[in-house]
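Residue numbers 1 to 103, in full-length UniProt numbering, belong to the letters of the sequence shown in order. To start, the structure itself, in structure tokens.
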Amino acid sequence: MVFIVSALYKKTENFKLDYYKDHHMPLAMERFKPFGLKSYKILELNPETSQGYAFHTIMEWENQDGMMKGFGEHGQEMKDDLVNFSDVEPVGLLGNLVKSESQ
């Protein structure tokens, strides 16, 4: 079953979007792809409706077991890289994909 990991980042003056999108998330893809990371999306949120959050990243995994193994092996490296682009930790949301549709 497809498993989703979301990270919500609060608005802060110290968020370095270029580093995040050009280094951190490609590094995450490199490290986690062997464990089943299929894709990720980075959303810049509308400040008028996002309740203080500025960015939302959605990572799609093949399954929860792969995600757990990937974070078990590379999670600390990814967490240690946080200081290079943000001064706040993200809020994480995890769950199974119930339905998806696209054209």
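Ideal Cβ positions, reconstructed from N, Cα and C, are used throughout, including at glycine. Since this is a predicted model, take the numbers as computed values, not measurements.
Could you say which of Leu8, Phe3, Val2 lies nearest to Thr57 if we only look at CA atoms? Here the question's residue 57 lines up with position 57 in the sequence shown. Ranking the options by Cα distance to Thr57, first place goes to Leu8.
Whole angstroms is fine: what's the gap from residue 109's alpha carbon to Gly36's? This structure does not reach residue 109, given that the chain is present from 1 up to 103, and the question cannot be answered.
Burial state of Gly92 (16 or more Cβ within 10 Å): Within the sequence shown, numbered from 1, the residue matching residue 92 stands at position 92. Flag for Gly92 reads exposed.
For the alpha helix (DSSP H) containing Leu27, list its first residue and its last residue. What you label residue 27 is simply residue 27 of the sequence shown in a count that begins at 1. Here the alpha helix (DSSP H) through Leu27 covers 25-32.
Let me know if Met59 comes out buried or exposed under the rule of 16 or more other beta-carbons within 10 Å of its beta-carbon. For the purposes of this step, residue 59 is taken as the residue at position 59 of the sequence shown. So Met59 counts as buried.
Bounding residues of the beta strand (DSSP E) (the contiguous stretch that carries Lys38): Position 38 of the sequence shown, counting from 1, holds the residue named residue 38. Looking at the DSSP string, the run of the beta strand (DSSP E) that includes Lys38 is 37-44.
Would you call the segment 48-57 in contact with the segment 9-16, where contact means no fewer than 3 C-beta pairs closer than 8 Å? Yes: the two stretches touch, three or more of their Cβ pairs being nearer than 8 Å.
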